[in-house]
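Heads up, the thing below is written out as structure tokens.
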Amino acid sequence: MTLSDTRVELEKFSARQAFALDPFQLDACTALADGHGVLVCAPTGAGKTIVGEFAVHLALAAGSKCFYTTPIKALSNQKYADLVRAHGADSIGLLTGDSSVNSNAPVVVMTTEVLRNMIYANSPALEHLSHVVMDEVHFLADRFRGAVWEEVILHLAPSVRVVSLSATVSNAEEFGSWIQTVRGDTTVIVDDHRPIPLSQHMIVGNRLFDLFDRKDPSAPNKKPAVNPELTRYIRHRELAARRDDDYSPRGSRGRRGGSQRGDPRRGGTRPISRPDLIARLDRDGLLPAIGFIFSRAGCEGALSQCLRSGLRLLEPHQADEVNRIVDKYVSELSASDQDILGVPSWREGLTRGFAAHHAGLLPAFRHAVEELFVKGLVKAVFATETLALGINMPARSVVLERLIKFNGEAHVDLTPGEYTQLTGRAGRRGIDVEGHAVVVWTDDLEPTRVAGLAGARTFPLRSSFAPEYNMAVNLIGRLGLAGSRNLLDRSFAQFQADKSVVGQARQIDTARRQLRKIEIELENRAEGRGLDGGIDGFLGYTRLREEIRSRERSLKFENRMATQQSTVEDLSALKRGQVIGLHGGRHRGLAVVLEAATDLRDPKPLVICEDAWCGRVGPRDFLNPPQVLGNMRLAKQIDRRTGRGRRDLASALRSAGIDMPKGKQSKRTQAADDTGLARLRSELREHPAHQIPQHDELFRLAERRNRVAREIASLEESVAQRTSTLSINFDRIVGVLKELGYLEQHAGKSNGDLMVTRAGDTLSRVYSESDLLICECIRSGLWDQLGAAELAAVASSVVYESRRDSYGGAELVTGVASVREALSRTHAAWQALTRIEMSHLIEPTREPDAGFATAIYLWASGRSLTEVLAAAGERGTSLPAGDFVRWSRQVIDLLEQIRTAASLETSGESRLTKSATAAIAGIRRGVVAVELG
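Taken in order, the sequence shown gives residues 358 to 1290; the numbers are from our numbering.
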């Protein structure tokens, strides 16, 4: 197509839109029509996807191909439906991990991983590809999956125009500069304007306040002030609550089970209840609303509160329409499955206008909620943050109950970027004049903190790119060793490192000039006091002091490391039945070892405490090495999976006659009799400058000088690390792959180049966090004799990850000896692999987790959903159906990869490939088949 043709297509496309294109949309589409790639950074809800849709339009008009990539399957499914409505089913395809619809269409919607895999496999589908849309491209900062986005950007053919759509980030120009460097001509469009203004509020009790002072006469560029009326009301409320506490009758707290501060009739500080909050928003005309609650249990709890209340948000005729839509989504489920999945209570909430939305729900339930919400038949949704990731469910209002979330490791504060992403759902274009963000006040939340989040509109984009095993064999297979290193040098991670190195080098030069200036001043002042200002004079004295501090720190570190090493050794040596004492963390008192540690690198024996808590303890749980206090006889088979069994074990432990050592445990310290330290202290006392008062100006100057010197050393170390980290990690990975036979020296070349072996070809087709472990099990024949259900169970252990700190050992699989034995062999293979990884200084592969093995074994064996969900439960509660389907999907995906990899390894069909095929068929039934389509 000529330039004039593409401009005509832009006019046609613009005329089809419901709204006139905003300036940033028009600029981006014009650049695309002119043949440039584009990076568009704009707020959530601003309409970035219009640019991606124009790329689709251009590809269809030119008779070429366009791939539209998204980070999650739900967003892929939604975008597929949108494009089908616009262009017809014949022109649009869908490819996700478990769906393939019209995959040869000129426009295909897919998850980003699918496109990465197509590139590595040299798929013929890449022919005639003219455009790739990368929606939510800021996902490349994700520490688990972000590298995939960079791989795609780096590997796509130069002729492909990349349309990158990102939330507003503070370093958009830096990101755009990198894309221009690696992709060529790319136009960067940054727009901070929201088409629908967003009003910020806080709700205190039952009163709704503006967060910012609308009467503030500050200059437009100045941050707005917090609403003084809001601040005064909170202060008065807290004073009233304290006064009520002071005047409450003695003992009333004990009778009421706690403080009366939360009594709303007495002006306490308890937040508004969920039903009252929704009713208040309804009265103020602020529905529909999405309430973000950062836990599944919290979402379900909010829904239960609304169900118990008399809250109804729909008219009878609307409830009838809800029932018709719900029937469509549950029609393929049997009556028994509907009862197990809680359809009746779920339906009741929907017919009253409210619902929950989180990953624990069956996907069909989530899709029903999304459709009803868009149609205005659900007025309030209680959701986890997954809903904020691009899914098109705009609301009039967004409610945040807390500004803290669990990130998988710890509870952390929301970042400004996360706050912006969540509140960006508020405001429906063409419907609302403005959107509303409402934060629920609690007594530990200051309005100034909310104002800080609301005022900081952007966040920096940081690369998470890091080489991995599968990536390494694919890169070397395509580009060779030197070409692979060159590609790593072109990554955004290296681009950011190099750019920061330039800045740090400038800092080093500045600091060195500052250091010389301070030293000259120090020497002059020392000579004025009659002291030699050279190395043997006052500067020598200050260096002695620094050496002493450094030696003291070193001794302290050595002592800590020696203690840690002793703790690791003693934990590794603990035997079943030995009783130890726990002194820190959440659990204190006696504990008996139920299972010795298996990983000598990071030993974590399984113990049960006096309070009936059962779990693994590691070196971080001990100040000093554990001391064996006695022994307790344990039966060969013990029940630690049920509450009753754990309570019986704890009772036996308390009755064992073993006592905890008295007194508070303190960390042991090494005696300060180091000869080197004593010599340094002696030299310091004998130095002439030792008589100068410590508060003298000379010491302040010396401290400044030492501080600058330390800063220089730190910067120089940082520069050395930044410029070599990626290549060092890549070389370590290559070392592991060479040792295990996945790479070998190229026979025809003497330049150190490598070639991918047959085993490496197998690894290149396995895309998993545990890719190398899976290939080792396939190569060694560990899984060859497994039946279909057994293979499904073992495969689940390398994809499943228990929530929080739940135990995932092979012993969880009770009653199935063959599965337990296969899991144990897989675990032994993992241990052998981690030893090799550790010898190459590589972060070890994640340990297999058998927490889902029993459930998927039973399901693949044809057992009922009721039995399977109960078996999959943690701590006696059933696994949510949505999680069961999600993990089943992932097991199917891995089994398909195992089938492909095994056929490559054996050059044909083997027992393993047959078992994998049968396992896929066994899992793809019932509720799983309904979701997979």
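C-beta: ideal position from N, C-alpha, C; glycine also.
Compare the C-alpha of residue i against each of the options and name the closest.
{"i": "Asp978", "options": "Ala438, Val925, Ala1009 and Ile1199", "result": "Val925"}
{"i": "Thr468", "options": "Ser433, Pro481, Ala713 and Ala462", "result": "Ser433"}
{"i": "Ser820", "options": "Leu1083, Pro976 and Ile1213", "result": "Leu1083"}
{"i": "Ala646", "options": "Ala783, Ala654, His714 and Leu596", "result": "Ala783"}
{"i": "Lys993", "options": "Ala1007, Glu952 and Gly975", "result": "Glu952"}
{"i": "Leu1010", "options": "Ser421, Tyr437 and Gly938", "result": "Gly938"}
{"i": "Val1091", "options": "Val790, Ala1070 and Gly1117", "result": "Gly1117"}
{"i": "Val357", "options": "Leu963, Thr363, Arg592 and Met475", "result": "Nothing can be reported for residue 357, as the shown portion of the chain is limited to 358 through 1290."}
{"i": "Pro380", "options": "Gln853, Lys369 and Ala403", "result": "Ala403"}
{"i": "Phe370", "options": "Arg500, Leu415, Ala654 and Arg835", "result": "Leu415"}
{"i": "Leu1097", "options": "Leu845, Arg518 and Tyr826", "result": "Tyr826"}
{"i": "Gly1219", "options": "Val1176, Leu1251, Gly1279 and Ser1245", "result": "Gly1279"}
{"i": "Thr401", "options": "Ala1066, Ile629 and Val494", "result": "Val494"}
{"i": "Thr1270", "options": "Leu1252, Gly392 and Arg1282", "result": "Leu1252"}
{"i": "Arg592", "options": "Val755, Ser691, Val441 and Trp798", "result": "Trp798"}
{"i": "His558", "options": "Arg594, Phe376, Ser523 and Glu803", "result": "Glu803"}
{"i": "Asp549", "options": "Trp535, Ser523, Phe566 and Arg571", "result": "Ser523"}
{"i": "Ala692", "options": "Val1242, Glu880, Ser1221 and Ser1267", "result": "Ser1221"}
{"i": "Arg653", "options": "Leu472, Thr741, Val700 and Pro720", "result": "Thr741"}
{"i": "Val683", "options": "Val700, Leu668 and Gly946", "result": "Val700"}
{"i": "Ser534", "options": "Val756, Met1112 and Arg847", "result": "Arg847"}
Quick one: measure Cβ to Cβ for residue i and residue j, integer angstroms, because I've assumed they're closer than 8 Å.
{"i": "Val1156", "j": "Leu1180", "result": "Contact flag wrong, Cβ pair sits at about 14 Å."}
{"i": "Leu587", "j": "Leu568", "result": "7 Å"}
{"i": "Leu1058", "j": "Arg806", "result": "About 40 Å; that fails the 8 Å criterion."}
{"i": "Thr1119", "j": "Glu1101", "result": "Between Glu1101 and Thr1119 the Cβ distance is about 14 Å, and since that is not below 8 Å, they are no contact."}
{"i": "Ala321", "j": "Ala1217", "result": "Coverage of the chain is limited to positions 358 through 1290, which leaves residue 321 absent and any answer about it impossible."}
{"i": "Phe849", "j": "Glu507", "result": "6 Å"}
{"i": "Asn563", "j": "Ile629", "result": "6 Å"}
{"i": "Val342", "j": "Ala854", "result": "This structure leaves residue 342 out entirely; the chain is present only between 358 and 1290."}
{"i": "Asp968", "j": "His940", "result": "About 14 Å; that fails the 8 Å criterion."}
{"i": "Ser923", "j": "Pro982", "result": "4 Å"}
With 16 other CB atoms within 10 Å as the buried threshold, where does residue i fall?
{"i": "Lys685", "result": "exposed"}
{"i": "Ile761", "result": "exposed"}
{"i": "Asp694", "result": "buried"}
{"i": "Lys736", "result": "buried"}
{"i": "Ala725", "result": "buried"}
{"i": "Ala811", "result": "buried"}
{"i": "Phe342", "result": "This structure does not reach residue 342, given that the chain is present from 358 up to 1290, and the question cannot be answered."}
{"i": "Leu957", "result": "exposed"}
{"i": "Ala1070", "result": "exposed"}
{"i": "Gln374", "result": "exposed"}
{"i": "Arg631", "result": "buried"}
{"i": "Glu1147", "result": "buried"}
{"i": "Ser361", "result": "exposed"}
How about residue i and residue j: are their beta carbons less than 8 Å apart?
{"i": "Ser1153", "j": "Ala1077", "result": "no"}
{"i": "Cys423", "j": "Ser487", "result": "yes"}
{"i": "Cys663", "j": "His715", "result": "no"}
{"i": "Ala1186", "j": "Leu1139", "result": "yes"}
{"i": "Cys398", "j": "Val561", "result": "no"}
{"i": "Leu986", "j": "Ile995", "result": "no"}
{"i": "Thr1223", "j": "Ile546", "result": "no"}
{"i": "Val949", "j": "Leu931", "result": "no"}
{"i": "Leu451", "j": "Val466", "result": "yes"}
{"i": "Leu660", "j": "Phe711", "result": "yes"}
{"i": "Leu818", "j": "Phe532", "result": "yes"}
{"i": "Leu734", "j": "Arg709", "result": "no"}
{"i": "Gly934", "j": "Met989", "result": "yes"}
{"i": "Gly972", "j": "Pro960", "result": "no"}
{"i": "Ala1145", "j": "Ser1267", "result": "no"}
Against chain D, with Cβ distances strictly below 8 Å, would residue i count as a contact?
{"i": "Ile875", "result": "No chain D appears in the structure shown, which is made up of a single protein chain."}
Quick test of the definition: if touching needs 3 or more C-beta pairs under 8 Å, does the segment 399-413 touch the segment 482-499?
With a cut-off of 8 Å, the segment 482-499 and the segment 399-413 count as touching, because enough Cβ pairs lie within range.
Below 8 Å, can you find three or more Cβ-Cβ pairs linking the segment 525-541 to the segment 826-840?
Under the three-pair Cβ rule at 8 Å, the segment 525-541 does not count as touching the segment 826-840.
If contact is defined by three or more beta carbon pairs under 8 Å, each pair taking one atom from either stretch, is the segment 1034-1048 in contact with the segment 901-910?
Short answer: they touch.
Would you call the segment 671-687 and the segment 771-783 touching, i.e. three or more CB-CB distances under 8 Å?
no
Examine the Cβ distances between the segment 833-842 and the segment 516-532 and report whether three or more of them are shorter than 8 Å.
no
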